[in-house]
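Sequence order for the protein chains is A and B.
Residue numbers for the first sequence follow our numbering, so the first one is 6 and each next one is one higher.
Residue numbers for the second sequence follow our numbering, so the first one is 6 and each next one is one higher.
Single-structure report; data block below.
2 protein chains.
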Amino acid sequence: MNKSENIVVWLIEDNASYRRSVARAIDSEAGMICGGAFDSFEAAQQQFESAGDPDVVLLDVGLPGMDGIEALGEIRKLHAAANVIILTVFDDHDKIFRALCAGASGYLLKTSKVEEIADAIRQAREGGAPMTPKVASRVLEFFSKQPAARKKNSAYDLTAREQEILALMSDGLIKKEIADRLDISSHTVSTHLRSIYEKLHVNTNTGAVAKAIREKII
Amino acid sequence: MNKSENIVVWLIEDNASYRRSVARAIDSEAGMICGGAFDSFEAAQQQFESAGDPDVVLLDVGLPGMDGIEALGEIRKLHAAANVIILTVFDDHDKIFRALCAGASGYLLKTSKVEEIADAIRQAREGGAPMTPKVASRVLEFFSKQPAARKKNSAYDLTAREQEILALMSDGLIKKEIADRLDISSHTVSTHLRSIYEKLHVNTNTGAVAKAIREKII
DNA sequence: TCGACAATCGCACGATGGTGTGAGGGACAT
DNA sequence: ATGTCCCTCACACCATCGTGCGATTGTCGA
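Here is the structure:
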């Protein structure tokens, strides 16, 4: 966050009048300030060093030039701490899905009232996921189409702790890191892994990870 | 929706005092009414015919008796039109994920203020997905771990040999076994793995295997 | 012809992992 | 109360791995 209490918001939007309108709405809101308004990602990019760091970026994914989703990826790389909220007219499944996968913190349609944008910015800073109802329903739809809500654990009878450790190892962590993360001894991790290997009928870390991911145990 | 303008809310929650507190908050809110407050799903079930139909159901997944997620499924079957909002103390990944897959319209933690519950009910009726920030961040996390978007499609530029070795390691083979299988020296396997790790930006065998499988490189 | 690169092989070091063996405490059901 | 899990921790031995530092081939395009 910023040293001041204000949330610094950047706006990347090619439509000049809409951009001004949103920028004004943000500035008139207490607790936040529009620190930059750009008509393309490239324009914003040049300011990333000179103009301080944004807390929140409002991004249109229908930008000319670079594809909006790629821009999102770039922003995330340049600025992992910033929350990126998509603000666009597109509500198709693919754009929404790709944006969320690329690390968007929220997804608003331009049908939203400008006053609601301020709320969304605050929500995003609190770890929330501000979404227009229409977008939210598509996200829920995605989950409800997920098959079977994941059955227990495919007959391997892993305990909760074992699954936890297996999951961490499948993220590439080594024993010591897992031990630190769970705040237990690395010897204990070894003991759990021993049980996991036995239950999965493998005898290497790679074998366990492969089986875990392939059979969707984790 | 109901013929009246009021949103009819049912509450299934075993803690009596919390139940009363929430019921009161709903009734005191304009535009909605608590049409039923039950301490278990079974109790609610008996009223499903006699007591009219709820528009929204607030459901605790930590109920005694039937598992909350199963109850959610039952409610969805008996009442496809109702929005079910989970209201619980549990914020673990598994419960959230299973609830959303089972068709929940929202997921609130009991740390929420009772006043926020009314907002959530309205959001749900508008097709939104009311979620406590903590829950929302877990949902986002889920998407950001989806490989779909970041697949520039094998943008990792692995050579054929590297892919071959990565595939074998993802089957649980160790270096020596891979060397034997390919009829090359284990040192050579080491060299290839070195390149693989560099290209995938990992530094452990498990990390490489996890990335390989999840991003469908192999 | 020359450089870039893939594929092969080697050695050595320290770090990490797998496994045998052992143990204590807590939760829970018979 | 007794036994059965689960989780926890410990030590030791050896295998395996990650990596820095080499090296020699062959292919392929510039």
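Just so you know, even glycine gets a beta-carbon here, dropped at the ideal spot from N, CA and C.
Touch test, the segment 16-26 of chain A against the segment 39-53 of chain A, Cβ-Cβ under 8 Å, three pairs minimum:
yes
Between which two residues does the beta strand (DSSP E) holding asparagine 88 of chain A run?
88-93
Would you tell me roughly how many angstroms separate the C-alpha atoms of alanine 35 of chain A and isoleucine 126 of chain A, rounded to the nearest one?
12 Å
Once the 5 residues before and after alanine 30 of chain B are set aside, which same chain residues still bring their CB inside 8 Å of it?
Val119, Glu120, Ile122 and Ala123
Chain A within 8 Å of lysine 139 of chain B, Cβ atoms only:
yes
Can you tell which of A/Gly212, A/Leu145 and A/Ile201 has the C-alpha that lies nearest to the C-alpha of asparagine 88 of chain B?
A/Leu145
Aspartate 176 of chain B versus chain A: which residues are under 9 Å apart at the beta carbon?
Thr211, Gly212 and Ala215
Contact with chain A by lysine 142 of chain B, beta-carbon distance below 8 Å
The question names lysine, but residue 142 of chain B is serine in the sequence shown. Closer than 8 Å to some Cβ of chain A, the Cβ of serine 142 of chain B qualifies, so yes.
Within-8 Å CB hit, lysine 105 of chain A to chain B:
Lysine is not the amino acid found at residue 105 of chain A; the sequence shown has leucine there. Yes, because at least one Cβ of chain B sits closer than 8 Å to the Cβ of leucine 105 of chain A.
Cβ neighbours of arginine 219 of chain A in the same chain (closer than 6 Å, five flanking residues each side left out):
none
I think alanine 141 of chain B touches alanine 107 of chain A, with their Cβ atoms under 8 Å apart; what is that distance to the nearest whole Å?
Contact flag wrong, Cβ pair sits at about 17 Å.
Close-in-space but distant-in-sequence residues of the same chain around alanine 10 of chain A (CB under 8 Å, 5 per side omitted)
According to the sequence shown, residue 10 of chain A is glutamate rather than alanine. Here the set comprises Gly36.
For glycine 177 of chain B and threonine 211 of chain B, I'd like the C-alpha separation in whole angstroms.
10 Å
Which same chain residues, not among the five before or five after threonine 93 of chain A, have their C-beta less than 6 Å away from its C-beta?
Asp65, Val66 and Gly67
Name the two residues that bound the continuous alpha helix (DSSP H) containing valine 66 of chain A.
No alpha helix (DSSP H) holds valine 66 of chain A; DSSP gives it neither H nor E.
Contact list for leucine 145 of chain A against chain B, beta-carbon separation under 7 Å
Leu105, Ser110 and Ala134
Measure the C-alpha to C-alpha separation of lysine 204 of chain A and isoleucine 80 of chain A and round it to an integer number of angstroms.
43 Å
Can you pull the chain A residues whose beta carbon is under 7 Å from the beta carbon of phenylalanine 148 of chain B, in chain order?
Leu105 and Cys106
Assuming leucine 114 of chain B and isoleucine 90 of chain B form a contact by the criterion Cβ under 8 Å, report the distance between their Cβ atoms to the nearest whole angstrom.
Their Cβ separation, rounded to whole angstroms, is 11 Å, which puts leucine 114 of chain B and isoleucine 90 of chain B out of contact at 8 Å.
Compare the C-beta of isoleucine 183 of chain A against all C-beta atoms of chain B and say whether one is closer than 8 Å.
no
Identify which residue in B/Thr137, B/Asp185 and B/Lys82 has its Cα closest to the Cα of glycine 111 of chain B.
B/Thr137
Contact check, isoleucine 170 of chain B vs isoleucine 179 of chain B, beta carbons under 8 Å
no
In the DSSP assignment, find the unbroken beta strand (DSSP E) run with tyrosine 112 of chain A in it and report its ends.
111-114
Any Cβ of chain B within less than 8 Å of the Cβ of glutamate 79 of chain A?
no
Does lysine 216 of chain B pass the burial test, meaning 16 or more other C-beta atoms within 10 Å, or should it be called exposed?
buried
Is glutamate 131 of chain B close to chain A? Criterion is C-beta to C-beta, closer than 8 Å.
yes
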